[in-house]
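For reference, the structure discussed in these notes is given below.
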Amino acid sequence: MPDVSRRAPLAAAPALAPLPPEALAKLSLVGEMTLAMSQATTAAEIYPQALAAIARVAETPRASVLLFDPDGVLRFKAWQGISDGYRAAVEGHTPWAPGQPAPDPIHIPDVARDTSLGRYQPIILGEGIRALGFFPLVTGGGTIGKFMVYWDRPHTPAPLEFQLVRNIAAHTSFALDRQRLVDELQAERRLFIGGPTVLFQWARTEGWPVDYVSPNVTAQFGWRPEDLVGRRMPFADLIHPEDLPRVVDEIRSHHAAGQGTFEQEYRIRDAEGQWHWVSDFTVLPPKDGSVAHSIGYLVDITERKAAAAALQGAESRLREAQRLESLGVLAGGIAHDFNNLLMGMLGNAALALNDLPVASPTAETVKDIETAARRAADLTRQLLAYSGKGQFVVQPLDLSALVEESGQLLRTVISKRATMQARLAAGLPAVEGDATQLRQVAMNLLTNASDALGDQPGVIGLETALVHADRVTLTGMLLGDALPEGDYVALSVHDTGSGMDEETLGRIFDPFFTTKFHGRGLGLAAVLGIVRGHRGAIQVESWPGQGTRVRILLPATTRPVAVEAPPRPSGPARVADAGTVLVVDDEEIVRNVTRRTLERAGYTVLLAEHGLQALALLEERHAEVSLVLLDLTMPELGGEETFRRIHAAWPGLPVILSSGFTADQGTARLTSAGLADFIQKPYQPAALLEAARAAIQRAAG
Ligand SMILES: Nc1ncnc2c1ncn2[C@@H]1O[C@H](COP(=O)(O)OP(=O)(O)OP(=O)(O)O)[C@@H](O)[C@H]1O
Ligand SMILES: [Mg+2]
11 MPDVSRRAPL AAAPALAPLP PEALAKLSLV GEMTLAMSQA TTAAEIYPQA
61 LAAIARVAET PRASVLLFDP DGVLRFKAWQ GISDGYRAAV EGHTPWAPGQ
111 PAPDPIHIPD VARDTSLGRY QPIILGEGIR ALGFFPLVTG GGTIGKFMVY
161 WDRPHTPAPL EFQLVRNIAA HTSFALDRQR LVDELQAERR LFIGGPTVLF
211 QWARTEGWPV DYVSPNVTAQ FGWRPEDLVG RRMPFADLIH PEDLPRVVDE
261 IRSHHAAGQG TFEQEYRIRD AEGQWHWVSD FTVLPPKDGS VAHSIGYLVD
311 ITERKAAAAA LQGAESRLRE AQRLESLGVL AGGIAHDFNN LLMGMLGNAA
361 LALNDLPVAS PTAETVKDIE TAARRAADLT RQLLAYSGKG QFVVQPLDLS
411 ALVEESGQLL RTVISKRATM QARLAAGLPA VEGDATQLRQ VAMNLLTNAS
461 DALGDQPGVI GLETALVHAD RVTLTGMLLG DALPEGDYVA LSVHDTGSGM
511 DEETLGRIFD PFFTTKFHGR GLGLAAVLGI VRGHRGAIQV ESWPGQGTRV
561 RILLPATTRP VAVEAPPRPS GPARVADAGT VLVVDDEEIV RNVTRRTLER
611 AGYTVLLAEH GLQALALLEE RHAEVSLVLL DLTMPELGGE ETFRRIHAAW
661 PGLPVILSSG FTADQGTARL TSAGLADFIQ KPYQPAALLE AARAAIQRAA
711 G
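When the sequence shown is numbered by my numbering, its final residue is 711 and no position is left out of the sequence of numbers.
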């Protein structure tokens, strides 16, 4: 390739003589063109101006603009008076390298006589070009391209003409460069504005007036920049009043420590008054005071925060569930063993009392043993409830009727100065539950309400209602998260008593948390366990000094309310106490005390240690057996399966199931499958005898 750059540059222009009118006209034209170029907003607007100016100045209509593309190849960007074929043939040729610092222009006065053009000479001549001018387009970064001027005659430009073309080249370079910068800046700005990061620049004076805020503040937070900039809305006014002191402190301490950047999280207000959590990457001004503003890069992290909180909530609920689960296993285990032991204590105490003369001083002692054992039995019952176990007989129940009953019972227990206001809805759908446990719930809540009143007069309210619980309602309640929306029967107990502060309220469900002198702290723990076992939700609201409201939701069922078994005949109808009872229990203490109780009442007693033994015994002697008393939790063959087999083989033989603990919910519907009765351990001898008598009487028809 011929190296035209080696040619000698044109001699420097001689000093200008006074200008002829023609030259003045050209000069003013260049002035106009450069003005127009400086006002151009795209590169495409610059080229025609430049080409038109050159055409006038160099007195040739033929010229072109070529620029280096990013790949380093010089390509035509605009032209006039040259053909497509010519451009294709010469494109890519360059006397200068991209970025070369300010090369001199090159002039070829007669192409026909210039051998240095080599293989380009015939192409140029073929286009009808006889003279050429190369004018570099140069910016601060070096050569970016060139102007080509073509004459169709041999030609050497006059000094003025030469100067003016150079001038136009310089202006064009400048305009193109400026345009490139603007384009780049705008592209950067677009990148930035399309993103989530809002940039704030605020002055380090009182309240932090906003000097600049990026326009995406509108998309992110609803503000228009003009709402904020200047003194309109200082940056400090956007920050949540609870967070502002912390932000001020952070900025102050980082500034004092000379730390230029740091991150902080706080809340800012959007144009509609909603709060958003933002993460702010703050850039502080240098300590030397040379800069008076701080810059914050803010990203909205509200959703991230909410997700993290939800996750944390889920984790703590899971931990709570695991804690409850293991405590439940423990409580259930204790309850089971204790109930058998308590059976022995209660039963034997009752038998001993029977034997002792009423006036005996020992009778008092034995009564104390009995009272202590009964208290212990209450405790295990609460523990069992807390464990979520102990739904022995689950059936559709009318909650209003059940609560009414407990209310009646409790009226004797609650404070004399309390006014009971019961609003129990009639005709509610049934809830599936264990009546004993639900009574326990009502009892525990009413006792707490009464305790809260103390000796002050006040009101205890008791309400039932049908509610349709939506997601929001359920989520607002304890245990509600996992429940489906739908119909629930609500039980609400409120009082106008002492109420609780936040701290107490946070701990009320903890087993053994109590603020009472004689409290055991098991009441609400048991309520929670029972509600959980019944797939319900609970909510406690309290206002210190004003009172407390406990609300429980239990899922409504479409099944009709179970008809209560006819009341057991009571009173001294002892005539029927005869017959043979088979007692099946794996606990020796229980077998012994039960046998003694039954034998004293006049029954004959057979004993079996487990289900298989019981079945074997019945095979031979079922004709003489009038009742089976069966423990639910036994090794070998469990009570439930044993019951099923007995019922299948001898349907007329009544079976009473007893238990102090159940490991699963399987026992639920035994009643409807022909069970004569269920008694919960530890039971009093009198209760056992009553149940036995009733079952045998019913079986006899
Ligand atoms: N209605 C209420 N008003 C005010 N405080 C209450 C109310 N219900 C419960 N509390 C508070 O919650 C604590 C725990 O109640 P919980 O029923 O579990 O135990 P307790 O009543 O102290 O003892 P327990 O019920 O085992 O005899 C109470 O000691 C009391 O501080
Ligand atoms: Mg209580």
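In this text, a Cβ means the ideal position worked out from N, Cα and C, and glycines have one as well.
Check	Outcome
Three or more C-beta pairs below 8 Å linking the region 445-458 and the region 477-491	no
DSSP three-state assignment for residue 572, whether helix, strand or coil	coil
Check whether residue 159 and residue 64 have beta carbons under 7 Å apart	yes
Rounded Cβ spacing between residue 556 and residue 506 (contact assumed at less than 8 Å)	7 Å
Boundaries of the alpha helix (DSSP H) in which residue 414 is found, first to last residue	409-421
N- and C-terminal bounds of the alpha helix (DSSP H) containing residue 377	371-396
According to DSSP, residues forming a beta bridge with residue 406	442
DSSP state of residue 259 mapped onto helix, strand, coil	helix
Close Cβ partners of residue 632 (< 7 Å) along its chain, the five nearest in sequence each way excluded	660, 663
Outcome for residue 582 when other beta-carbon atoms lying within 10 angstroms are tallied against a minimum of 16	Residue confidence for residue 582 is low, a pLDDT of 46 falling below 50, so the modelled location carries little weight; the figure read from the coordinates is stated next. Under this definition residue 582 is an exposed residue.
Residue span of the beta strand (DSSP E) that contains residue 2, given as start and end	Nothing about residue 2 can be reported from this structure: the residues present for the chain run from 11 to 711 only.
CA-to-CA distance, residue 462 to residue 686, given in whole angstroms	41 Å
3-residue-minimum beta strand (DSSP E) runs that sit fully inside the region 122-206, ordered along the chain	141-149, 152-161
Own chain partners of residue 277 with C-beta closer than 6 Å, once the 5 adjacent residues on each side are dropped	250, 253, 285, 287
Residues bridged to residue 240 [DSSP beta-bridge criterion]	220
Proximal residues to residue 121 (C-beta, below 7 Å), its chain only, five neighbours per side dropped	127, 131, 134, 135, 139, 140, 141, 142
Residues sharing a beta bridge with residue 473, DSSP	433, 502
Buried or exposed (CB count within 10 angstroms, at least 16 for buried), residue 601	buried
CB contact flag (residue 59, residue 68, <7 Å)	no
Span of the beta strand (DSSP E), counted from its first residue to its last, around residue 29	Unbroken run through residue 29: none, as it is neither H nor E.
contact_flag[the region 489-500, the region 514-522] where n(CB pairs < 8 Å) is 3 or more	no
Status (buried if at least 16 other CB within 10 Å, exposed otherwise) for residue 83	exposed
Boundaries (first-last residue) of the alpha helix (DSSP H) holding residue 309	Taken as a continuous stretch (DSSP letters only), residue 309 belongs to no alpha helix (DSSP H), being part of the beta strand (DSSP E) at 303-310.
Secondary structure of residue 116, DSSP reduced to three states	strand
Candidates 708, 187, 224, of which the one nearest residue 200 by Cα	224
For residue 103, three-class secondary structure by DSSP	coil
Selection from 643, 426, 607, 169 that minimises the alpha carbon distance to residue 346	643
Cβ neighbours of residue 467 in the same chain (closer than 7 Å, five flanking residues each side left out)	427
Same chain, Cβ closer than 8 Å to residue 297, neighbours up to 5 away in sequence not counted	265, 268
Endpoints, alpha helix (DSSP H) assigned at residue 603	598-611
Residue 465 versus residue 503: straight-line alpha-carbon distance, rounded	19 Å
beta-carbon residue 457 near ligand 2 non-hydrogen atom, thresh 6 Å	yes
Same chain, Cβ closer than 7 Å to residue 185, neighbours up to 5 away in sequence not counted	47, 48, 50, 56
Cβ-based neighbour list, residue 496, same chain, cut-off 8 Å, excluding 5 preceding and 5 following	478, 479, 565, 566
8 Å CB neighbourhood of residue 579 in its chain, flanking five on each side removed	In this predicted model, residue 579 has a pLDDT of only 46, less than 50, meaning its place in the structure is not dependable; the value taken from the coordinates is given anyway. Only 703, 704, 707 meet the Cβ criterion.
First through last residue of the beta strand (DSSP E) which encompasses residue 557	557-567
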